[in-house]
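Numbering (our numbering), first residue to last: 84 to 1159.
The beta-carbon is built from N, C-alpha and C at its ideal position, and this holds for glycine as well.
Data first, discussion second: the structure below is written as structure tokens.
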């Protein structure tokens, strides 16, 4: 038989096949991030085709066999034929035929070879095109040829008569072809044209609409029935339900928020009528659309989550379909979609049950595709967190101990890995009770035959130990020895994984006093292996080593010769230009590891070693050095005492060099220099002239970036200059003059830095020094800053407002009140800023100016600002009024506010109420109780106003009053709060969410100040009202009271046991009827 008849007509020749194998990508099995993106939606879901567990498993077996055949090439069919021939000989021997002698066997072999050669020759002749006369072929030959060509090919093996005779037992004969039988080999029709032309193809390619909602191009293929089918023509109830379901899903996807909300409510209430098959058949294919944007995908995920509750157990046949559509979102870049996918999968697990989940995911555990296995492990991890580890651990134990497939073992281990990520969270509270079982489940993988499984197990052990740190070493004790043996026998990525595993277990030993000897032994041995691997070129290994170093319990007692054993190899391997120029993640790890080693071993020694790197030619290495020095000195400032004074010069010089040579501005240089100045304290004095000369020279540079850096450096060292001046302000005065002369800077970023430096310099001077400041004097400086306030750059605005506020605090009396009013008018514009810091600084400055010139003029200006239409500006004005009242006492502000409330303008009245809210929020109780009687008529009017916003804001004011006066009220004040309760309580039926939240908060505050006894006299009647909508808000208030005053409300429960059962008693209150 020829090779073609064995492998199928489409098999490639041997040379061509070898060429394909040679050119095959060696990293073909590795999936990149883009591959995951492309494959996320490259799938088809047929919701109508629901398969059982046995059917899916058999399909997977056939697919796996087909994949094995394709991977083995021609070898597998030849092997199969060889086995079939040998089996045929055995069958013939069993049937009574005598075996032939050696000679006869040899002749048979030669005959077989000759026959095969002739067959191959004939096949080659048939495959060679010739100009032969087809009319010479008889009809019987044509029929035989057509039957031969139509023979099916299974797994590369053509089922010819010869093969079928060997497979099928004897006794079967070939059935004759029936008369009139016509063998049609045409391709099946996979698509039928619609009977009616789709309305989507309209003139000028306009998008179709349904129910007034535009249909997108991608929606036409899913919702074409809405355009092509007339609802009146639907005869069966099932068709009508399916049509209605499509319409509702379309409205949910593309409708406005109001339409979407209504359609989603209709779907959830009638989900059981539509059925899971109809709903998921519409929704799941939509979710697999690659062009679906994040908003639509979020809406569809929410819809699926809502449908799971009413459908309940009816989703069991479609569990695998739902998980297949939702699971790709577990690896989405958007964290919101990932969290929503976890919630939906958890809901599916609760509705379908763990048995259904297992039967759905079982075929994917040992899937040949790594992408499918990864998603399966993540889904199982989410199911574990939803249903509890106790249910899932027996299944995972069986999976990891599987002997048939290494893919299943690997998937089980990855599942535990993702369980640690989801449930660990740094505290291990949910993992620690099951730690022993998890270690027992994972223990076979540490000695598996495959490197992939061993590496995954070691990584999972590392993550498990990190999740339960610092507890749980008792559970890890059984796998300490196997892990250590694996560490000694691995290299490369496997060694990195085992190093991580041991490196996370050693800190657990150090935390437990019973394992101190183990900790010391493994620390010494592990550091020996790690120092050997410091020079490894693998980045994964380097990152693992650095993370382990930060957690290892190192000490001088454990390593007396640490300079030679640890410090020297570490600095040689990690502090070089190649590491600095590598990824930013690796450089950050090097800095953190250096900081950790310095704290544990020797701070002065590391500072001496790191200082020369700050003067290196490589900028990244200089930045790493500054960052490490900054972290070490912030954590250990006292270690500077151990350093020699000569080293101070080297340290300051190195940091100043790094600061001057920076090509890209980075805050770490300023932070490091400022930290060194603070730590050196008075020892920084000899270096001030050098630093200032460098700063002043660079302030005259033509490059704006250099001028900005120099001004920022003045901001950092101003306090140190003050400390080292010994009461002499000459240097600071000269610096202020130089900065004042630089206020004409044209670059806004540089101008903002100069104003910030000026603020730092003036802030170091006391009040008397500011009074004697002559060049420039404060009288000259403030008018210079006033036009700068109009600069639109945010940094300039913020720094300028802070400087004006500083002047208002320190030396405001020397400036004319008209100048301050001019500043106030400019500050009003700052309240419109989009940046919150600027608005906060402007409000604080209003208070400082009001303290200086009195609140009357400032308050009049602010009250006029309440007439504007912009809400943000009114709110900021109200905050400023509250700050002015807090600064200048409330009696200076309250009369003007109460008078302003008489203006018949809702915006003004609401602004006054906002100002009162902020005012009483800032005040304490002793000050607040004096203004209760004065403020009550205004609040009474606001609480009975028709405007919701008035009642909402007034409730907030009452809340602040009540909380401030708790424990400070006498009987008359109690009556005021009872009056407020009478006015606030009718608003309990408000439906606006903003209003009802403020009403509930106000009622809680009134309960606190009045006590539960008086308060519950207003609540009991509403708790047992006949109408549900009346009871609901009262029970909300009662629940809040029960949570906060559970013990206090016991004496005030009504006594029903004293009521007479024979006498008819009426509990109606006539006054309440009149009120209602």
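Where the alpha helix (DSSP H) containing residue i begins and where it ends
i            : result
residue 590  : 576 to 594
residue 978  : 977 to 983
residue 298  : Residue 298 -> no alpha helix (DSSP H), and no H or E assigned at all.
residue 1096 : 1095 to 1099
residue 374  : First-last for residue 374: undefined, no H or E at that position.
residue 670  : 667 to 683
residue 605  : 599 to 616
residue 836  : 831 to 846
residue 1038 : 1031 to 1047
residue 1116 : 1111 to 1127
residue 549  : 534 to 550
residue 994  : 989 to 1005
residue 1062 : 1054 to 1067
residue 723  : That residue, residue 723, is in no alpha helix (DSSP H); it is neither H nor E in DSSP.
residue 312  : Careful: residue 312 lies outside any alpha helix (DSSP H) and carries neither H nor E.
residue 260  : Counting along the chain, residue 260 falls outside any alpha helix (DSSP H), and DSSP gives it neither H nor E.
residue 649  : Residue 649 -> no alpha helix (DSSP H), and no H or E assigned at all.
residue 693  : 686 to 693
residue 858  : Careful: residue 858 lies outside any alpha helix (DSSP H) and carries neither H nor E.
Closest Cα partner of residue i within the set the options
i            : options                : result
residue 862  : 916, 898, 982, 846     : 898
residue 1055 : 1035, 1046, 1025, 1013 : 1013
residue 845  : 883, 889, 825, 757     : 889
residue 390  : 415, 357, 144          : 357
residue 860  : 776, 560, 894          : 894
residue 1027 : 1069, 1016, 997        : 1069
residue 1048 : 1016, 1025, 1066       : 1016
residue 908  : 716, 570, 477, 926     : 926
residue 629  : 641, 613, 620          : 613
residue 559  : 518, 808, 542          : 518
Presumed contact (8 Å Cβ cut-off) between residue i and residue j, rounded CB distance
i            : j            : result
residue 923  : residue 913  : The pair is not a contact, with the Cβ atoms about 10 Å apart (cut-off 8 Å).
residue 713  : residue 670  : At roughly 14 Å, the Cβ-Cβ gap does not stay under 8 Å, so residue 713 and residue 670 are not in contact.
residue 41   : residue 878  : In the structure as shown, the chain begins at 84 and stops at 1159. Residue 41 is therefore absent and cannot be evaluated.
residue 1075 : residue 1095 : Contact flag wrong, Cβ pair sits at about 27 Å.
residue 1061 : residue 1073 : That belief does not hold up - the Cβ atoms of residue 1061 and residue 1073 are roughly 21 Å apart, past 8 Å.
residue 505  : residue 465  : 7 Å
residue 546  : residue 503  : 4 Å
residue 797  : residue 755  : Residue 797 to residue 755, Cβ: 16 Å. No contact.
residue 354  : residue 362  : 7 Å
Span separating the alpha-carbon of residue i from that of residue j
i            : j            : result
residue 1137 : residue 1058 : 23 Å
residue 512  : residue 462  : 21 Å
residue 691  : residue 652  : 16 Å
residue 492  : residue 697  : 50 Å
residue 482  : residue 695  : 55 Å
residue 580  : residue 876  : 51 Å
residue 985  : residue 992  : 8 Å
residue 677  : residue 599  : 25 Å
residue 113  : residue 783  : Here the model assigns residue 113 a pLDDT of 46, short of 50, so the residue's position is not dependable, and the following value carries that caveat. Answer to the nearest angstrom: the Cα atoms are 56 Å apart.
residue 467  : residue 144  : 27 Å
residue 805  : residue 843  : 11 Å
residue 209  : residue 246  : Residue placement at residue 209 is flagged as unreliable, the pLDDT there being 41, under the threshold of 50; the coordinate-derived value follows with that caveat. If you take the alpha carbons of residue 209 and residue 246, they lie about 21 Å apart.
residue 865  : residue 724  : 43 Å
residue 657  : residue 963  : 54 Å
Residue i: CB within 7 Å of a non-hydrogen atom of the ligand SAH
i           : result
residue 535 : With respect to small molecules bound, the structure shown includes none, and the ligand SAH cannot be examined in it.
Q: Answer yes if the region 379 to 395 comes into contact with the region 436 to 443, meaning at least three C-beta pairs across the two stretches below 8 Å, and no otherwise.
A: no
Q.
Could you check whether the region 589 to 599 touches the region 637 to 647, counting it as contact only if at least three pairs of C-beta atoms, one from each stretch, sit closer than 8 Å?
A. no
Q. Does the pairing of the region 788 to 803 with the region 740 to 753 give three or more beta-carbon distances under 8 Å?
A. yes
Q: Examine the Cβ distances between the region 756 to 769 and the region 811 to 828 and report whether three or more of them are shorter than 8 Å.
A: no
Q: Tell me, please, whether the region 948 to 959 touches the region 929 to 936 by the rule of three or more beta-carbon pairs shorter than 8 Å.
A: no
Q: Examine the Cβ distances between the region 758 to 766 and the region 710 to 730 and report whether three or more of them are shorter than 8 Å.
A: yes
Q. Are the region 1109 to 1117 and the region 1129 to 1136 touching, with three or more C-beta to C-beta distances below 8 Å?
A. no
Q: Report yes or no: do three or more beta-carbon pairs, one from the region 308 to 322 and one from the region 370 to 378, lie closer than 8 Å?
A: no
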